[in-house]
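In this note's numbering, the protein residues as written are 21 to 431.
Think of the CB as a built atom: it goes at the ideal place given N, C-alpha and C, for glycine as much as any other residue.
As the structure is a prediction and not an experimental result, all values here were calculated from the model.
Below you'll find the structure, written out as structure tokens, and then a few comments.
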Amino acid sequence: YAYSLPFLNLQRNCEALMLLQKNGLQKKNPSIAVVTTLFGDKEDIAWLEENNIVDWGEEELNGLLRNEFDGSQQRAIALGLNKKRPILIIQGPPGTGKTGLLTELVALAVQRGERVLVTAPTNAAVDNMVDKLSYIGLDVVRVGNPARISTTVASKSLGEIVNSKLASFRTEFERKKSDLRKDLRYCLKDDSLAAGIRQLLKQLGKTLKKKEKETVREVLSNAQVVLATNTGAADPLIRKLDVFDLVIIDEAGQAIEPSCWIPIFQGKRCILAGDQFQLAPVILSRNALVGGLGVSLLERAATLHGGLLATKLTTQYRMNNAIASWASREMYGGSLESSAAVSSHLLVDSPFVKPTWITQCPLLLLDTRMPYGSLSVGCEEHLDLAGTGSFYNEGEVDIVVQHVISLIYAG
Numbered sequence: 021y022a023y024s025l026p027f028l029n030l031q032r033n034c035e036a037l038m039l040l041q042k043n044g045l046q047k048k049n050p051s052i053a054v055v056t057t058l059f060g061d062k063e064d065i066a067w068l069e070e071n072n073i074v075d076w077g078e079e080e081l082n083g084l085l086r087n088e089f090d091g092s093q094q095r096a097i098a099l100g101l102n103k104k105r106p107i108l109i110i111q112g113p114p115g116t117g118k119t120g121l122l123t124e125l126v127a128l129a130v131q132r133g134e135r136v137l138v139t140a141p142t143n144a145a146v147d148n149m150v151d152k153l154s155y156i157g158l159d160v161v162r163v164g165n166p167a168r169i170s171t172t173v174a175s176k177s178l179g180e181i182v183n184s185k186l187a188s189f190r191t192e193f194e195r196k197k198s199d200l201r202k203d204l205r206y207c208l209k210d211d212s213l214a215a216g217i218r219q220l221l222k223q224l225g226k227t228l229k230k231k232e233k234e235t236v237r238e239v240l241s242n243a244q245v246v247l248a249t250n251t252g253a254a255d256p257l258i259r260k261l262d263v264f265d266l267v268i269i270d271e272a273g274q275a276i277e278p279s280c281w282i283p284i285f286q287g288k289r290c291i292l293a294g295d296q297f298q299l300a301p302v303i304l305s306r307n308a309l310v311g312g313l314g315v316s317l318l319e320r321a322a323t324l325h326g327g328l329l330a331t332k333l334t335t336q337y338r339m340n341n342a343i344a345s346w347a348s349r350e351m352y353g354g355s356l357e358s359s360a361a362v363s364s365h366l367l368v369d370s371p372f373v374k375p376t377w378i379t380q381c382p383l384l385l386l387d388t389r390m391p392y393g394s395l396s397v398g399c400e401e402h403l404d405l406a407g408t409g410s411f412y413n414e415g416e417v418d419i420v421v422q423h424v425i426s427l428i429y430a431g
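Next comes the structure, spelled out in structure tokens:
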């Protein structure tokens with residue numbers, strides 16, 4: 021039977037939950053420490069508090085880092101490299117350098133001989149990590165549907181790598197097959213010879229299939245880093261591999277919890293990276309939301325055991341401080357700071373942008389509601405007629421369009 025992608029994802033998520041229920045606390049489960057930490061009580065993980073002080077000295081860590089990292093980033097890297105911690109939550113607010121930090125963390129883990137599985141809920145997020153990790157020279161393999169893999173990283177896909185390695189073998193295979201078929205045409209009247217050649221052709225095909233399977237296994241086994249989506253990690257090709265030393269799930273705040281258990285079960289320890297205050301899992305079923313599926317594993321785990329499992333990146337390198345301070349105050353309890361390099365930068369600082377009040381204003385909040393709470397005329401919300409459950413507001417769209425036009429005119 022041919023199953024649709026949504027059904028396959030549903031099936032893999034359900035299988036992960038059943039596996040969690042059946043084998044989660046079994047000694048044969050390589051990720052038993054992760055399960056115990058996430059579902060155990062305070063006494064079960066008392067040893068985590070003892071190991072909260074990282075086992076990497078600051079001088080030793082600085083000697084390994086390829087790039088300059090701030091204090092909160094260095095702490096996250098050190099905690100992520102601590103083999104005594106079965107799980108780490110890295111909360112990365114916007115602009116705090118989460119992707120660069122994860123890239124460095126993977127590189128250091130590989131440097132000390134660990135095999136790493138990196139996943140994310142979306143193909144775009146996975147491909148972004150493929151691009152970053154391959155750029156620094158790591159041996160990476162991207163597993164997944166070729167049609168859903170970005171062309172920019174297609175050369176790192178399992179299919180492309182296997183095809184490259186088998187190119188000469190397949191050329192020789194086609195030559196031998198062609199020769200045997202020519203011989204067969206001359207032997208059609210001799211049943212015995214013809215049967216022998218057909219048997220050779222059949223054996224030749226089996227040899228090719230065996231070689232293909234061996235090459236796939238070799239490529240995946242020798243890769244320093246294997247990458248796939250969360251549900252893609254359920255691919256039998258990955259599940260048959262030896263246990264990974266480290267599993268990293270990027271953008272974990274966007275993933276439903278069952279999908280995270282798919283890669284977690286294939287490693288000894290894991291890191292969940294993301295931000296529960298940005299995009300949440302997309303849940304269309306009201307019953308699923310009521311049942312708690314809208315709460316990601318990252319969000320749930322970050323609050324367990326008094327926050328002991330989590331660490332936060334606290335310096336952002338993207339926004340003017342006026343923007344960052346608003347986000348910090350509204351979403352992060354005032355803990356997000358701005359780097360001096362970006363804290364006061366404005367659009368007008370660019371030599372190609374004209375000085376206008378818009379290009380000199382770092383943050384503009386437009387309130388379309390009336391003093392008594394009702395929306396201004398022309399800014400009423402309407403339910404999408406397509407039945408998506410979403411709302412649209414033409415008045416607010418008009419305001420945004422005018423602002424964009426002003427920005428374009430300013431350069």
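Residue environment: R289 is assigned as buried (16 or more neighbouring CB atoms within 10 Å of its CB, all protein chains considered). Taking the Cα of L30 as reference, the smallest distance to any Cα among L309, G294 and S279 is reached at S279. I268 is bridged by DSSP to V138 and I291. Under the DSSP definition of a beta bridge, H402 partners with Y412. Inside the region 210-281, DSSP marks whole alpha helix (DSSP H) runs of 4 or more residues at positions 211-242 and 256-259, from first to last along the chain. For I378, the secondary structure class from DSSP, reduced to helix, strand or coil, is coil. Contact between V146 and R135 is absent: CB atoms are separated by about 17 angstroms, not below the 8 angstroms threshold. Taken atom to atom, the span from the alpha-carbon of V239 to that of I181 is near 8 angstroms. If only uninterrupted alpha helix (DSSP H) runs of at least 4 residues are considered, those enclosed by the region 131-202 are 143-155. T57 has no beta-bridge partner at all, per DSSP. One thing to note: A53 has its Cβ within 7 angstroms of the Cβ of P106.
DSSP places R32 within a helical segment (H, G or I) once states are collapsed to three. Non-local C-beta neighbours of F189 in its own chain, meaning closer than 7 angstroms and more than five positions away in sequence, comprise K231, ordered along the chain.
It is roughly 39 angstroms from the alpha-carbon of T57 to the alpha-carbon of A342. With respect to V245, V173 sits apart: the two C-beta atoms are not nearer than 7 angstroms. Put simply, the backbone Cα of V267 is about 40 angstroms away from that of L367. For C399, the closest of N413, G312 and G327 by C-alpha to C-alpha distance is N413. In the DSSP assignment, L108 falls within the beta strand (DSSP E) that extends over I107 to Q111. In this structure, the alpha-carbon of T227 lies about 10 angstroms from that of E234.
By the C-beta density criterion, P283 is buried, having at least 16 other C-beta atoms within 10 angstroms.
The continuous beta strand (DSSP E) containing A330 extends over residues A330 to K332. Straight-line spacing of the CA atoms in A167 and E271 works out to 22 angstroms. As DSSP reads the structure, T335 sits in a beta bridge with E357. In this structure S92 touches T334 by the C-beta definition: roughly 4 angstroms separates them, less than 8 angstroms.
The Cβ atoms of Y352 and P113 lie closer than 7 angstroms to each other. In the structure shown, the three-state DSSP call for R205 is helix. When the Cα atoms are used, Q41 and W281 turn out to be separated by approximately 11 angstroms. The beta carbon of L213 is closer than 6 angstroms to those of C207 in its chain, skipping five residues each way along the sequence.
With a beta-carbon spacing of about 6 angstroms, L84 and L128 fall inside the 8 angstroms limit used to define contacts. Taking a 10 Å sphere around the C-beta of V236, we find 16 or more other C-beta atoms and assign the residue as buried.
Under the criterion of beta carbons closer than 8 angstroms, A300 and G287 do not qualify as touching, at roughly 25 angstroms. A direct Cα-to-Cα measurement between A248 and G164 gives close to 6 angstroms. In the assembly as shown, T191 is an exposed residue. Its beta-carbon has fewer than 16 other beta-carbons within 10 Å.
Taking C-beta atoms under 8 angstroms as the contact rule, I276 and S316 qualify, at a distance of about 7 angstroms. For F285 and T251, the gap between their C-alpha atoms comes out near 12 angstroms. At a Cβ-Cβ threshold of 7 angstroms, K152 and T116 do not count as neighbours.
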